[in-house]
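Positions 2 to 161 (my numbering) are the ones given, in order, by the sequence shown.
Glycine residues also receive a C-beta, built at the ideal position from the N, C-alpha and C atoms.
Treat the numbers as computed from the prediction; the structure is a model and nothing was measured.
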Amino acid sequence: MRLDPAAAADMLAKATLHWFRDHAAQGIFVTDTALRMESWNEWLVAATGLAPTNVIGQPLFEVFPSFVERGFDQYYAEALGGQIKILSHPLHRFLLPVQRADGQQMPQSGRIAPLILDGVIVGTITVIEEVTERVAAERELRARIAPRKRRGPPPSRRRA
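So this is what it looks like as structure tokens:
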């Protein structure tokens, strides 16, 4: 059975969305232009404990009121205006208030971007990445470098 090109493209798009929903290694959610939640993937379910049925259809800032308190509402307004916003761990620490198994806040970075179809902004997409391993590696590297800075350069590199 051979599908016409439009049906094949539609099938691939649906399969891609299902893959992001079920298997992505990042948290991904989508809002419409009114900032109502339209999708919520399995990574987010596992990280937050919130089921899609409790999130989808709800206003973003009712699900996460802390987004307004932390100024993220401005980032969503800018995404609806066509801008991509990067939220780095060093500046923002996390997007979603998620505790790791050890009780510590899960360090995260993220991107908030316009969702565009045929040149029209139809919503936003947020991608959240856990950066625990990266933060630990950076901390270890800084710990290795710090003693060297206190001691100064090796004798062969010291200037007279």
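- Distances from the CA of G111 to each of T34, E130 and G104 were compared; the closest alpha carbon is that of E130.
- Here the segment 117-128 lies against the segment 34-41, with 3 or more beta-carbon pairs under 8 Å apart.
- Annotation: the continuous alpha helix (DSSP H) that includes R22 extends over P6 to H24.
- CA-CA distance, A114 to D11, rounds to 23 Å.
- Classified as buried, Q109 has 16 or more neighbouring CB atoms from the shown chains inside 10 Å of its CB.
- Here DSSP, grouped into helix, strand and coil, assigns I87 to strand.
- Counting other Cβ atoms within 10 Å of its Cβ, W20 stays below 16 and is therefore classed as exposed.
- Following the DSSP letters along the chain, one finds F30 inside the beta strand (DSSP E) bounded by residues G28 to D33.
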